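Just so you know, we're using my numbering here: the sequence shown kicks off at 40 and counts up by one. Each residue gets a CB set at the ideal place from its N, CA and C atoms; glycine is no exception. All figures in this text were calculated on a predicted structure; none of them were measured in a lab. Below is one structure, written out as structure tokens, with a few remarks after it.
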Amino acid sequence: MEPEFGMGLEGVLRARRADLTGILNGIDTRIWDPETDPAIHRTYSPRSLKRKAVNRAALIERFALQPPDEAPLFCVISRLTAQKGLDLLLEALPALTGRGARLALLGSGEPELEAAWKRAARDHAGAVGAVIGYDEALAHQMQGGADAILIPSRFEPCGLTQLCGLRYGTLPVVARTGGLADTVIDANQAALDAGCATGFQFAPVTTAALGHAIERACDLFANRRVWAAMQRNAMRQPVGWERSAAQYFALFQEVAGKD
């Protein structure tokens with residue numbers, strides 16, 4: 040464990056690593072379900088991905104964006120804090136807007152970042168839209184309409200928005216840290232050849248690496264057949280609580296000394 044993650048306890052945690060168990064979070068797949076979600080404009084499934092385009096058009100209109108020409112629509116649903124890396128995304132915006140992509144952001148947090156994202160939306164009108172605050176229905180609509188979700192966290196024990204992104208076929212672009220690295224399969228050549236990629240990872244957590252990941256996503260978006268295959272892979276990932284609940288149950292039995 041690295042010192043920046045151990046908070047002064049990294050030595051103890053390394054010494055007792057055999058006593059530690061990591062279990063991922065899950066999401067409520069009854070609430071987060073693109074096949075039945077009442078908040079989105081058009082429900083869809085892995086077999087009817089083309090219907091997602093209706094939600095995409097509605098999201099573009101909601102954020103007053105210009106429809107992108109052959110480029111992805113990214114979204115961010117996050118607290119606006121340094122931990123979430125939203126300052127890095129501000130610096131990486133040229134990589135996104137330079138490719139003709141669009142960004143819809145929903146979040147609140149540190150006043151400096153809120154003000155910075157308001158300025159970014161003004162400076163990049165038509166390419167970047169920002170809603171400061173939180174709106175549960177809008178969060179569902181963003182997952183239902185965006186092509187990809189950006190999660191450039193400096194650290195993330197597990198994370199939830201990438202799980203929602205997988206569920207909705209909104210491919211996560213994530214920092215290679217914590218649970219983000221554990222839940223998203225990077226679209227490297229080996230994963231693409233094997234047909235198992237579900238998103239994009241980047242490291243280190245820098246502006247340059249994030250910009251490169253955005254450009255990778257833009258490049259792959261041009262191949263709609265491969266992109267759709269990744270969306271279907273993502274939507275079939277087990278992101279609910281079933282597996283994690285079973286792991287918790289087994290762990291509690293072990294601690295209690297029961298078979």
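Practice problem: Determine, using beta-carbon pairs with one atom in the segment 96-112 and one in the segment 157-175, whether at least three such pairs fall under 8 Å. | Solution: yes
Quiz item: In three-state DSSP terms, what is P211?
Solution: Working through the sequence shown from its first residue, we reach residue 211 at position 172. Three-state DSSP puts P211 in a strand.
Practice problem: Rank N94, P106, A169 by C-alpha distance to the C-alpha of L129 and give the top, closest one. | Solution: Walking along the sequence shown from the start, residue 129 turns up at place 90. Closest by alpha carbon: A169.
Quiz item: When the Cα atoms are used, what is the spatial distance from L132 to G250?
Solution: Locating residue 132 in the sequence shown gives position 93, counting from the first residue. Locating residue 250 in the sequence shown gives position 211, counting from the first residue. One C-alpha to the other measures close to 8 Å.
Exercise. Compare the beta carbon distance of L199 and M274 with 8 Å and say whether it is the shorter of the two.
Key: Within the sequence shown, residue 199 is the residue found at index 160, counting from 1. Within the sequence shown, residue 274 is the residue found at index 235, counting from 1. Their beta carbons are not under 8 Å apart, which means L199 does not touch M274 by this criterion.
Quiz item: Is the Cβ-Cβ distance between L143 and L112 less than 8 Å?
Solution: The sequence position of residue 143 within the sequence shown is 104, counting from 1. The sequence position of residue 112 within the sequence shown is 73, counting from 1. Looking at the sequence provided, one finds Ala at residue 143 rather than Leu. Yes, the Cβ-Cβ distance between A143 and L112 is below 8 Å.
Quiz item: Given G220, which residues of its chain have a CB within under 7 Å of its CB, disregarding the five upstream and five downstream residues?
Solution: What you label residue 220 is simply residue 181 of the sequence shown in a count that begins at 1. It should be pointed out that residue 220 corresponds to Ala in this sequence rather than to Gly. For A220, where only same-chain residues beyond five positions count, the Cβ hits under 7 Å are Q240.
Quiz item: Is it a yes or a no for the segment 205-214 touching the segment 227-235, going by three-plus beta-carbon pairs under 8 Å?
Solution: no
Exercise. For C197, I'd like the list of residues in its chain whose CB is within less than 6 Å of its CB, leaving aside the five on either flank, ordered along the chain.
Key: Residue numbering aside, residue 197 sits at position 158 when the sequence shown is read from its first letter. Excluding positions up to five away in sequence, the list reads L63, N64, G218.
Exercise. Taking only runs that begin and end inside the segment 97-159, name each unbroken beta strand (DSSP E) of 3 or more residues, in chain order.
Key: 112-119, 141-148
Quiz prompt | V265 - containing beta strand (DSSP E), residue span | solution = Along the sequence shown, read from residue 1 onward, the residue named residue 265 stands at position 226. Element bounds for V265: not the beta strand (DSSP E) but the alpha helix (DSSP H), 263-274.
Quiz item: Taking the alpha-carbon positions, what's the L290 to D67 distance?
Solution: The residue you call residue 290 lines up with position 251 of the sequence shown. The residue you call residue 67 lines up with position 28 of the sequence shown. Going by the C-alpha atoms only, they are around 22 Å apart.
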